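Following: one structure in structure tokens, then a few remarks.
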Amino acid sequence: MLTSESLKRIDREIAKYPADQKQSAVMAALAIAQEQLGWLSSEAIEAVANYLGMPPIAAYEVATFYNMYDLKPVGKYKVSVCTNLPCMLTGGVDAGEYLQKKLGIGYNETTPDGLITLKESECMGACGDAPVMIVNNRRMCSWMNPEQIDKLLAELK
1 MLTSESLKRI DREIAKYPAD QKQSAVMAAL AIAQEQLGWL SSEAIEAVAN YLGMPPIAAY
61 EVATFYNMYD LKPVGKYKVS VCTNLPCMLT GGVDAGEYLQ KKLGIGYNET TPDGLITLKE
121 SECMGACGDA PVMIVNNRRM CSWMNPEQID KLLAELK
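Position 18 of the sequence shown, counting from 1, maps to 18 under the UniProt record's numbering, and the rest follow consecutively.
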């Protein structure tokens, strides 16, 4: 299921830990699997767990706890909007509502063209830059007012 390139990347993560602590690389291994596959099916989670020598349920617990892991297919771009208290107080909810109207979808939905999936997210640790969004778990977008959101959407399309 996982390519040899993905397994090599996981091996580099495993090497960061003592030999008897391979399971410590579970978060990185799940991220690598998701990057290769686009999302984490139960089979993918089980493959990661088996590779790390841990019970599949333990890997599944990690995958379901953190919102960076996708347990269903998502669009080419996953846009996560922080709606925790600091962002909520500085426009996070408004930014989410604006995005929903612009895209014609709700949270946990994907645009009909498969381009963008919209997610509501927990704190991203950038409260001073609120409201914030993150694209594909990698690109942080700060101070996301309607003008900034329009720029982001134009760039993604």
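The C-beta atom is built at its ideal place from N, Cα and C for all residues, glycine as well.
If you're wondering where the values come from, they're calculated on a predicted model, not measured in any experiment.
Ala76 versus Pro112 - alpha carbon distance | Along the sequence shown, one-based indexing puts residue 76 at 76. Along the sequence shown, one-based indexing puts residue 112 at 112. Rather than Ala, the amino acid found at residue 76 in this sequence is Lys. Computed Cα separation, rounded: 12 angstroms.
Lys22, buried or exposed, once every other Cβ within 10 Å from all chains shown has been counted against 16 | The count along the sequence shown starts at 1 and reaches residue 22 at position 22. Under the 10 Å beta carbon count, Lys22 is surrounded by 16 or more other beta carbons and is classified as buried.
Confirm, please, whether the CB-CB distance from Leu40 to Leu85 is below 8 angstroms.
-> What you label residue 85 is simply residue 85 of the sequence shown in a count that begins at 1. What you label residue 40 is simply residue 40 of the sequence shown in a count that begins at 1. Their beta carbons are not under 8 angstroms apart, which means Leu85 does not touch Leu40 by this criterion.
Less than 8 angstroms between the CB atoms is what I'm expecting for Val135 and Cys141, so what's the real figure, rounded?
-> Start at 1 with the first residue of the sequence shown, and residue 135 comes out as number 135. Start at 1 with the first residue of the sequence shown, and residue 141 comes out as number 141. Between Cys141 and Val135 the Cβ distance is about 7 angstroms, and since that is below 8 angstroms, they are a contact.
At which residue ranges does the region 42 to 126 contain complete alpha helix (DSSP H) runs of 4 or more residues, listed in the order of the chain?
-> Complete alpha helix (DSSP H) runs here, min 4: 42 to 52, 56 to 65, 85 to 89 and 92 to 103.
CB of Val62 within 8 angstroms of CB of Leu30, strictly | Reading the sequence shown from its first residue, position 62 is the one you call residue 62. Reading the sequence shown from its first residue, position 30 is the one you call residue 30. Inclusion of Val62 and Leu30 in the CB contact set at 8 angstroms is warranted, their separation being smaller than that value.
How would you label Arg138, buried or exposed, when you count the other beta carbons within 10 angstroms and need 16 or more for buried?
-> Position 138 of the sequence shown holds residue 138. It is exposed - the Cβ of Arg138 has fewer than 16 other Cβ atoms within 10 Å.
Given Ala49, which residues of its chain have a CB within under 6 angstroms of its CB, disregarding the five upstream and five downstream residues?
-> One-based indexing of the sequence shown puts residue 49 at position 49. Take Ala49, set aside five residues on each side of it, and the residues of its chain with a beta-carbon closer than 6 angstroms to its own are Pro56 and Ala59, in chain order.
Going by other Cβ atoms of all chains shown within 10 Å of its Cβ, with 16 needed for buried, is Gly96 buried or exposed?
-> Taking the sequence shown and counting its residues from 1, one reaches residue 96 at position 96. Flag for Gly96 reads buried.
Would you tell me roughly how many angstroms separate the C-alpha atoms of Thr83 and Met1, rounded to the nearest one?
-> Working through the sequence shown from its first residue, we reach residue 83 at position 83. Working through the sequence shown from its first residue, we reach residue 1 at position 1. If you draw a straight line from the Cα of Thr83 to the Cα of Met1, it is about 35 angstroms long.
Is Val132 helix, strand or coil when you go by DSSP?
-> Locating residue 132 in the sequence shown gives position 132, counting from the first residue. Coil at Val132, not helix or strand.
When Asn67, Asp20, Ala33 and Gly38 are compared against Ile10, the one with the closest alpha-carbon | Here residue 10 refers to the residue found at position 10 of the sequence shown. Checked all of Asn67, Asp20, Ala33 and Gly38; the closest Cα to Ile10 is Ala33.
Roughly how many angstroms separate the alpha carbons of Gly92 and Val132, rounded to a whole number?
-> Taking the first residue of the sequence shown as position 1, residue 92 is located at position 92. Taking the first residue of the sequence shown as position 1, residue 132 is located at position 132. Cα-Cα distance, rounded: 7 angstroms.
Nearest-angstrom Cα distance between Lys157 and Leu99?
-> By one-based count along the sequence shown, residue 157 stands at place 157. By one-based count along the sequence shown, residue 99 stands at place 99. So the alpha carbons of these two residues sit roughly 14 angstroms apart.
Through-space distance from Trp143 to Ile149, alpha-carbon basis = As a position in the sequence shown, residue 149 is number 149, starting the count at 1. As a position in the sequence shown, residue 143 is number 143, starting the count at 1. Distance from the CA atom of Ile149 to the CA atom of Trp143, rounded to whole angstroms, is 9 angstroms.
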